Amino acid sequence: MKILVPVKRVIDYNVKPRVKADGTGVDLANVKMSMNPFDEIAVEEAIRIKEAGKAEEIIAVSVGPAKAQETLRTALAMGADRAILVESDDEVEPLAVAKILKAIADEEQAQLIMLGKQSISDDSNQTGQMLAALMDRPQGTFANTIEVDGDSVTVKREVDGGLETVKLSLPAIVTTDLRLNEPRYASLPNIMKAKKKPLDTKTSGDYGVDTAPRLTTTNVAEPPVRQAGEKVEDVDALVAKIKALGIA
Amino acid sequence: MNTLVWVEHDNNEMKDATLSVVTAAAKLGDVHLLVAGAGCAGVADQAAKIAGVGKVHLADDAALEHALAENVAPLIAGLMASHDAVLFPATTTGKNIAPRVAALLDVMQISDILSVEGGKTFTRPIYAGNAIATVESSDPKLVITVRGTAFDKAAAEGGSAAVEAIGGASDAGTSSFVSAEIAESERPELTSAKVIVSGGRALKDAETFEATITPLADKLGAGIGASRAAVDAGYVPNDYQVGQTGKIVAPEVYIAIGISGAIQHLAGMKDSKTIIAINKDEDAPIFQVADIGLVADLFKAVPELTEKL
Ligand SMILES: Cc1cc2nc3c(=O)[nH]c(=O)nc-3n(C[C@H](O)[C@H](O)[C@H](O)COP(=O)(O)OP(=O)(O)OC[C@H]3O[C@@H](n4cnc5c(N)ncnc54)[C@H](O)[C@@H]3O)c2cc1C
Ligand SMILES: Cc1cc2nc3c(=O)[nH]c(=O)nc-3n(C[C@H](O)[C@H](O)[C@H](O)COP(=O)(O)OP(=O)(O)OC[C@H]3O[C@@H](n4cnc5c(N)ncnc54)[C@H](O)[C@@H]3O)c2cc1C
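Going down the list, the sequences are from chains A and B.
Counting in this note's numbering, the first sequence runs from 29 upward without gaps.
Counting in this note's numbering, the second sequence runs from 3 upward without gaps.
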């Protein structure tokens, strides 16, 4: 079985994003970029499935600028076998990303497609579900544990009330949550080896997908800033404050 | 404009999250509801009482019992022939179904809206709430998820909408529900609690978390939350996580104990009315957003606080 892992290049989670003064977006010039953390979890899980002898090949895919090659090389260094970059300098919305991913999944006959549950940049939380709809296949979102067994996959999902388990027939789409695993770091020898692994470059046109945006961003603003309040001296002072709030 | 609101419920009771979505939908046009489930007629009757609702569609079918997206999404896509917008709460179930509907309709979903600025224009948070984008859709139909804390709840009583049973549900046959581990608790749900006491990595382990945080929460009738670090370390279950990738909360009072205040955590609680922080490090970033701060060792301060309240 082949596993497809879409990975997105996003602002590093340690960086505090700054809104551009002209309201057109977030300043990404000279900002550290990394693989979306949820996608690292997806790559790791794919590798573990392969290591368990349940998959033969892992293909990493990214839709983004030429620099997304770095993100793909990271996936290759972790253990993916080959990569596809669908190059685009413009932002591609989740719906169009999902259409491109569908074309690739069909072409590769992937049985399992593992995505992050959300990117930490746009926080859309939709690409995986959209892909599942376009492929008319089942989805296991917010995965906490997954178990591939023959022609099905069982996914334990992190939901608002706790955990829920569903069983999906393959091919299926899974999106990762934080507790699925702890991703490995790529070792230096593996980083060197990754440079030689195949990486194809394509365009959305190669897949016949129109990436014209459906949403227009008319403004990007700073959220209202919260001012720091006061520090109290001791517990007695805190008790007085809490009583004044009328909750005790 | 005709709007459709997907009602969140467990086949017995409607979830509160629905009410904020009704408020958002009413800003766009007439509000119709969809109650999809199995043996859920009681929920439809309850939903029909929400103030300002025009009609309740009731889809009662075994295939809809567990709200599997594979079965629910096509039903909703079908109903969109007579609706212009469909709105979901940005809960895990809402977020699971909505994008699937959007893709079936070939439209871009607008996630997690904070406000309705016009018939096709909304604001939404990006980058963990560090930026607020105003977005305008050019699609013929709108698929929206709504951030519950950003809209007032519609009144649960006062309406008398007609309930209309609809068919059209079927089992896609590709997925099945196996089991659920849903914690039963007397405690208020995080997303609707008036007061939340949250603990972080500093709480050491599950026993210490329980012994330190729970008595204070009990005293205040509060919900209990946690940072990701506390969840990852197994002090509390995943559904306690507050933050960018957990639950978004905005209670009257949020008490952060032994939590440093990483941007991912702040993203989930910085709209709380009053924030109280207890941390032994006076430079912890949490103090930059706290209205009331106490620099202290939590293992001394929290038991003392609990006792004196
Ligand atoms: C004002 C504004 C500014 C923006 N600026 C930026 C920006 O500077 N940088 C930026 O990255 N985005 C930016 N975006 C987001 C962008 O427009 C898309 O909406 C976004 O790329 C897709 O949403 P998402 O990644 O949040 O999807 P999600 O549905 O949250 O992503 C889930 C998963 O889908 C997969 N996936 C998603 N996109 C890709 C992809 N391109 N390639 C491979 N796999 C993918 C990954 O596995 C990911 O974990 C901006 C959006 C707005 C509104
Ligand atoms: C993709 C991604 C998503 C994430 N999503 C979330 C999310 O949704 N929610 C979330 O919370 N985090 C999230 N995080 C994690 C986040 O970056 C932080 O790592 C996390 O919030 C830290 O938790 P903490 O504050 O409990 O721990 P720490 O940062 O370790 O802070 C512990 C604090 O306790 C204080 N302390 C220690 N001992 C005592 C004592 N005896 N008395 C008083 N104070 C004490 C310390 O001074 C310190 O400030 C995410 C990270 C990533 C990469």
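Where is the CB? At the ideal position from N, CA and C, for every residue including glycine.
Please read these numbers as outputs of a predicted model, since none were measured by experiment.
Could you compute how far the alpha carbon of A167(B) sits from the alpha carbon of G54(B)? Taking the first residue of the second sequence as position 1, residue 167(B) is located at position 165. Taking the first residue of the second sequence as position 1, residue 54(B) is located at position 52. Distance between the alpha carbons of A167(B) and G54(B) is about 20 Å.
Answer with buried or exposed for V91(A), where buried requires no fewer than 16 other C-beta atoms within 10 angstroms of its C-beta. Position 63 of the first sequence, counting from 1, holds the residue named residue 91(A). Under this definition V91(A) is a buried residue.
Return yes when at least one heavy atom of ligand 2 lies under 6 Å from the C-beta of K282(B), else no. The residue labelled residue 282(B) in the question sits at position 280 within the second sequence. Result yes, Cβ under 6 Å from ligand 2.
Positions along the region 197 to 220 of chain A whose CB lies within less than 7 Å of some CB in chain B: S197, L206 and R207
Interfacial residues, the region 112 to 137 of chain B to chain A, with Cβ spacing under 8 Å: I112, S113, D114, T123, P127, I128, Y129, A130, G131, N132, A133, I134, A135, T136 and V137
Helix, strand or coil at T176(B) according to DSSP, with G and I counted as helix: Against the second sequence, residue 176(B) aligns to sequence position 174. In this structure, T176(B) counts as coil in the three-state DSSP scheme.
I need the straight-line Cα distance from K17(B) to A79(B), nearest angstrom please. On the second sequence, position 15 is the one that residue 17(B) refers to. On the second sequence, position 77 is the one that residue 79(B) refers to. Rounded to the nearest angstrom, the two C-alpha atoms are 22 Å apart.
Is the region 70 to 89 of chain B in contact with the region 114 to 130 of chain A, if contact means three or more CB pairs nearer than 8 Å? no
Close-in-space but distant-in-sequence residues of the same chain around K122(B) (CB under 8 Å, 5 per side omitted): Residue 122(B) sits at position 120 when you count from the first residue of the second sequence. Cβ within range, chain order: E138, S139, S140 and L144.
Selection from A286(B), G248(B), I265(B) and K249(B) that minimises the alpha carbon distance to I259(B): Against the second sequence, residue 259(B) aligns to sequence position 257. The shortest C-alpha separation from I259(B) is found at A286(B).
Terminal residues of the beta strand (DSSP E) in which I115(B) lies: Within the second sequence, numbered from 1, the residue matching residue 115(B) stands at position 113. Segment I112 to I115, the beta strand (DSSP E) holding I115(B).
Taking a Cβ distance cut-off of 9 Å, strictly less, list which residues of the region 169 to 186 of chain B are near chain A, in chain order. A174, G175, T176, S177, S178, F179, V180, S181, A182, E183, I184 and A185
Which chain A residues sit within Cβ distance under 9 Å of S90(B)? One-based indexing of the second sequence puts residue 90(B) at position 88. The sequence shown places Phe at residue 90(B), not Ser. Near F90(B) there are no residues of chain A at all, since even the closest Cβ is about 11 Å away, more than 9 Å.
Taking 6 Å as the cut-off, is the beta-carbon of G295(B) closer than that to any non-hydrogen atom of ligand 2? The residue given as residue 295(B) occupies position 293 in the second sequence. False, no ligand heavy atom lies under 6 Å from that Cβ.
Check whether the Cβ of M110(B) lies closer than 7 Å to any Cβ atom in chain A. Numbered from 1 along the second sequence, position 108 holds the residue referred to as residue 110(B). Yes - at least one Cβ of chain A is within 7 Å of the one on M110(B).
Quick one: list the residues of chain A neighbouring D86(B), beta-carbon separation under 8 Å, in chain order. As a first step, residue 86(B) is located in the second sequence; it is residue number 84 there, counting from the start. Within chain A, no residue comes near D86(B); the closest Cβ sits about 15 Å away, beyond 8 Å.
Do Y235(A) and ligand 2 come close, with the Cβ less than 6 Å from some heavy atom? What you label residue 235(A) is simply residue 207 of the first sequence in a count that begins at 1. Outside the cutoff, so no.
7 Å Cβ cutoff met for I115(B) and V148(B): Here residue 115(B) is taken as the residue at index 113 of the second sequence, counted from 1. Here residue 148(B) is taken as the residue at index 146 of the second sequence, counted from 1. Yes, the pair counts as a contact, with Cβ atoms nearer than the cut-off.
Can you say whether T94(B) is buried or exposed, counting buried as having 16 or more other CB atoms within 10 angstroms of its CB? Translated into the one-based positions of the second sequence, residue 94(B) becomes position 92. Looking at its Cβ environment, which holds 16 or more other Cβ atoms inside 10 Å, T94(B) is buried.
Any Cβ of chain A within less than 7 Å of the Cβ of D141(B)? Numbered from 1 along the second sequence, position 139 holds the residue referred to as residue 141(B). Cβ-Cβ to chain A under 7 Å: yes for D141(B).
Q146(A) CB to nearest heavy atom of ligand 2 below 6 Å: Position 118 of the first sequence, counting from 1, holds the residue named residue 146(A). No; taking the cut-off as 6 Å, the Cβ of Q146(A) has no heavy atom of ligand 2 nearer than that.
Given this structure, state the Cα-to-Cα distance separating G96(B) from L100(A), to the nearest angstrom. Within the second sequence, the letter at position 94 stands for residue 96(B). Within the first sequence, the letter at position 72 stands for residue 100(A). Cα to Cα, the separation comes out at about 31 Å.
Kindly indicate the opening and closing residues of the alpha helix (DSSP H) around F211(B). For this step, residue 211(B) is matched to residue 209 along the second sequence. Start and end: A208 to L222.
Distance CB(A50(B))-CB(V58(B)) smaller than 7 Å: In the second sequence, the residue the question calls residue 50(B) occupies position 48. In the second sequence, the residue the question calls residue 58(B) occupies position 56. Their beta carbons are under 7 Å apart, which means A50(B) touches V58(B) by this criterion.
Over what stretch of residues does the beta strand (DSSP E) that includes E175(A) continue unbroken? Residue 175(A) sits at position 147 when you count from the first residue of the first sequence. Element bounds for E175(A): Q167 to D177.
M63(A) by DSSP, collapsed to three states: which one? Taking the first residue of the first sequence as position 1, residue 63(A) is located at position 35. Three-state DSSP puts M63(A) in a strand.
In the region 42 to 53 of chain A, which residues sit with their C-beta less than 7 Å from some C-beta in chain B, listed in chain order? K44, P45 and V47
May I have the straight-line CA-CA distance separating I128(B) from T176(B), to the nearest angstrom? Here the question's residue 128(B) lines up with position 126 in the second sequence. Here the question's residue 176(B) lines up with position 174 in the second sequence. Using only the alpha carbons, I get a separation of about 33 Å.
Proximal residues to A223(A) (C-beta, below 6 Å), its chain only, five neighbours per side dropped: Mapped onto the first sequence, residue 223(A) falls at position 195. Note that residue 223(A) is Lys in the sequence shown here, rather than Ala. So no residue of the chain qualifies.
Y237(B) classed as buried or exposed, judged by whether at least 16 other C-beta atoms fall within 10 angstroms: As a position in the second sequence, residue 237(B) is number 235, starting the count at 1. Y237(B) comes out buried.
Taking 6 Å as the cut-off, is the C-beta of Y129(B) nearer than that to any heavy atom in ligand 2? Position 127 of the second sequence, counted from the start, is the residue given in the question as residue 129(B). It does not: the Cβ of Y129(B) is nowhere closer than 6 Å to a heavy atom of ligand 2.
Do the region 83 to 91 of chain B and the region 166 to 181 of chain A meet, that is, are 3 or more Cβ pairs less than 8 Å apart? no
Are A130(B) and A269(B) closer than 7 Å when you measure CB to CB? For this step, residue 130(B) is matched to residue 128 along the second sequence. For this step, residue 269(B) is matched to residue 267 along the second sequence. Cβ atoms of A130(B) and A269(B): closer than 7 Å.
Quick check on DSSP: helix, strand or coil for K272(B)? Position 270 of the second sequence holds residue 272(B). It is coil, neither helix nor strand.
Grab the span of the beta strand (DSSP E) containing I259(B) for me, first residue to last. Translated into the one-based positions of the second sequence, residue 259(B) becomes position 257. From DSSP, the beta strand (DSSP E) with I259(B) extends over V255 to I259.
Which residues in chain A have a C-beta closer than 7 Å to the C-beta of R149(B)? List them in chain order. Within the second sequence, residue 149(B) is the residue found at index 147, counting from 1. Within 7 Å Cβ-Cβ: nothing; R149(B) doesn't reach chain A, min ~11 Å.
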